[in-house]
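Numbers 0 to 682, taken from numbering that gives the first Met the number 0, label the letters of the sequence shown in order. Structure first, then comments.
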Amino acid sequence: MTLTRGLSKKCFVTVVPTTPLVTFLERVQETALDTFGEKDFDAKPYVDLSLKLNLSKTEKAFDGLPRRGENGTVSVKDLKEFIATYFDDAGDDLLYYDPVDFVPEPEGFLLKVKNPEVRAWALEVHALWKNLSRKVSDGVREQPELHTLLPLPEAVVVPGSRFIEVYYWDSYWVIRGLLASKMYETAKAMVTNLIFLVDTYGYVLNGSRAYYTNRSQPPLLSAMVYEIYNRTYDVELVRKALPALLKEHAFWNSEIHKVTIQDAQGCNHNLSRYYAMWNKPRPESSTKDKESASKFLSNSEKQQFYHDIASAAESGWDFSTRWMRNTSEFTTLSTTSILPVDLNVYILKMELDIAFLANVLGNKATTESFLEAAEARKNAINSVFWNGEMGQWFDYRLANGTICKESETWQACNQNQNVYASNFIPLWIDLFHSDGALVKNVMGSFQSSGLIHVAGIATSLINSGQQWDFPNGWAPLQHLIVEGLLRSGLKEARSLAEDIAVRWIKTNYVGYKKTGAMHEKYDVQKFGDFGGGGEYIPQTGFGWSNGVILAFLEEFGWPEDRSIVLGGGKAFEGLALFLVVSLSSGRHFAGQMILTFQERPCPKFASPAGCWSFIRKHGIHPQDDSLISFSLLQMVENSPPGFHLVSNLIQNMESGLETIFSFLRKYEDGGVEGLKLLADAGN
């Protein structure tokens, strides 16, 4: 480990050196980009290659390749032949593995899922654990210098697609799914692998590759151990894990991560930040990072950018406007100058978990120490991040950039008041969701935040083209917020949690039926559309998506009479009209009606004319001061085609609600061309 001087004379960046093989593979990666071109180029597979021969012979052969032109480009034919001769394919050093605890339908599996169609799909998702299970080949352990893959001792479950190794925070939601699938031994094996990484490196790596040794990811190992213990009561796992958890806690509270903020009353609060131990291009994306850094003139500016981009990757949110000073300019990443809400929530969870697990082992001193640490961090989170006026916890930007002083005084203007799903993650923790008044306040803020969409929770409100921004929704964020609301015990919070879970389950189901795959992320604007953006094409598999679906179905189930299939056509035109009229009449249950209708279609709304018949029968009339809500328009826009008729009407109307009712009367009179639906009025 070395120290490299950063932008300030007072600041140093700790750098963990990489391996000679990774350095060489970066050269191969750059040559491949020159040879094959930028279109559909993915840099990662080149640093996942393993050598057939030793490195010196391979490098010598590479250096001897014929090159042409000023740039020394290698021909497509020569480079393909070189790679085939000297390398095994990426992923060949991971073998398919049949988990010992997998059965096609476990006893007691998802007992609350009564709908046969949903149950059949859930079993297909459960079966994906077999497809994603791997074991490191013996060759990795025997000759580790030929591989960038690390020699994990136990079998693994990988995310899928290009992600063919273990990833740290993905593993938490994979384990939640494995527990729902009754695959306890596989879940324990995954924790054993992560403990191995802590024992070897002092912290859990971002992933199980040699090029990930310079950074971690959101620290959720303690949460994995806690969840497994609560299912299995395996004290030996706790005994094995606790020393590693203590090491990890020390890592996240070490000098490079810890920042002290002094509040207005002069009290000091210690919080943590992401701080990768790297100031060069990330090997798995070296060519992209160099291209982005080309905007900087000085070497020190490039080093700081590389440090911040690696730290953003450490956050798991790679990438998002959360980390940018200017949300429209990627090169303004300043991750190391930000104290993130969610990171400190994860560390607070770690402190509470360590206290709990130490108590299981009868270690009272450790329990008391970590309960004190948790209380201090809770106070720090409330003092630095909480904004009572907005009802959210906001990330805090350090005033003097990458902080080099021992402490900094809190200023309200340094809270990042952009809306991100991470602003609501503290609800996941008992110390916050046990406060009913606080939950109601935060729930109101969340419901009016603009994050809740027809197919789930958006990551942000900013459509930046980055994958951790709008319109993408991610399984971990849905789960953390839903579980926080659920654990509060409030009836209205549980209702909101279930509403979000149902939306998320439906979009995963529709996407699966359309594509035959589970996806890494989804577009929350429309059921079944997978997400995009970022530096690689959308991925399938997919570990944490599978895990969250199984966890949601285990918690909420799916009633037999609740349809998973979305309706469409005439029935939805009729529902749209009903929603418009009921809302315009001051009936605020209109938004809930869409969910009710999708669960149990009513013949009365089988057509627009049938809807209008119902409206007349119940004497519903518009109020002059009524407004069509944005949430209704949103549902209309992102539902099946039958809604678009009413959507266009609302968006183009010139005289408010009277135009809508004029339109509805035409339905009653049969005056709309092509929609002769009055015959259905009696349905």
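From the three backbone atoms N, C-alpha and C, an ideal C-beta is built for every residue, glycine too.
- Distance from the Cα of residue 425 is smallest, within the candidate group 200, 141, 384, 36, for 384.
- If you compare the alpha carbons of 530, 324, 454, 516 with that of residue 501, the shortest gap goes to 454.
- The residue among 420, 442, 335, 531 with its C-alpha nearest the C-alpha of residue 397 is 335.
- Taking residue 251 as reference, the option from 407, 224, 350 with the minimal CA-CA separation is 350.
- Taking a contact as a CB-CB distance under 8 Å, the pair residue 422 and residue 393 counts as one, their CB atoms being some 6 Å apart.
- C-alpha of residue 111 to C-alpha of residue 525: approximately 27 Å in a straight line.
- When rounded, the separation of the alpha-carbon atoms in residue 293 and residue 274 is 22 Å.
- Note on geometry: alpha-carbon atoms of residue 545 and residue 474 lie some 9 Å from one another.
- Assignment of residue 133 by DSSP, reduced to helix, strand and coil, places it in the strand class.
- Secondary structure of residue 77 (DSSP, three-state): helix.
- Beta-bridge partners of residue 385 (DSSP): 392.
- At the C-beta level, residue 306 and residue 12 come within 7 Å of one another.
- Within the segment 170-213, not a single complete beta strand (DSSP E) segment reaches 3 residues in length.
- Note that the C-beta distance between residue 547 and residue 478 is below 7 Å.
- Taking the C-beta atoms as reference points, residue 158 is found nearer than 7 Å to residue 541.
- Counting only residues of its own chain and dropping the five nearest sequence neighbours on each side, residue 181 has a CB closer than 6 Å to the CB of 105.
- Judged by their CB atoms, residue 200 and residue 282 are not nearer to each other than the 7 Å cut-off.
- DSSP places residue 489 in the coil class of the three-state scheme, outside both helix and strand.
- A distance below 6 Å between beta-carbons, with the five flanking residues on each side excluded, links residue 460 to the following residues of its chain, in chain order: 418, 449, 469.
- Per DSSP, the unbroken beta strand (DSSP E) holding residue 406 starts and ends at 406-408.
- Looking from the CA of residue 47, the closest CA among 249, 53, 164 belongs to 164.
- It is roughly 16 Å from the alpha-carbon of residue 68 to the alpha-carbon of residue 78.
- Residue 203 places its beta carbon 7 Å or farther from that of residue 221.
- Residues 305 of the same chain have their beta carbon placed closer than 7 Å to that of residue 279, with the five preceding and five following residues left out of the count.
- By the CB criterion at 7 Å, residue 153 and residue 188 fall inside the cutoff.
- With a threshold of 16 other beta carbon atoms within 10 Å, residue 25 meets it and is buried.
- Bounds of any alpha helix (DSSP H) do not take in residue 18, whose DSSP letter is neither H nor E.
- Distances from the alpha-carbon of residue 319 to those of 103, 531, 63 put 531 closest.
- Going by DSSP, residue 351 is part of the alpha helix (DSSP H) stretching over 340-359.
- Here residue 238 is exposed. Its C-beta has fewer than 16 other C-beta atoms within 10 Å.
- By the 16-neighbour rule on beta-carbons within 10 angstroms, residue 406 is exposed.
- In the displayed model, residue 67 falls within a strand according to three-state DSSP.
- Take the alpha-carbon of residue 363 and the one of residue 353: they are about 11 Å apart.
- When secondary structure is reduced to three states using DSSP, residue 370 falls in the helix class.
- Taking a C-beta distance under 7 Å as the contact criterion, residue 356 and residue 241 qualify as a contact pair.
- For residue 262, same chain residues with a beta-carbon under 7 Å away, outside a window of 5 residues either side, are 268, 382, 409 in chain order.
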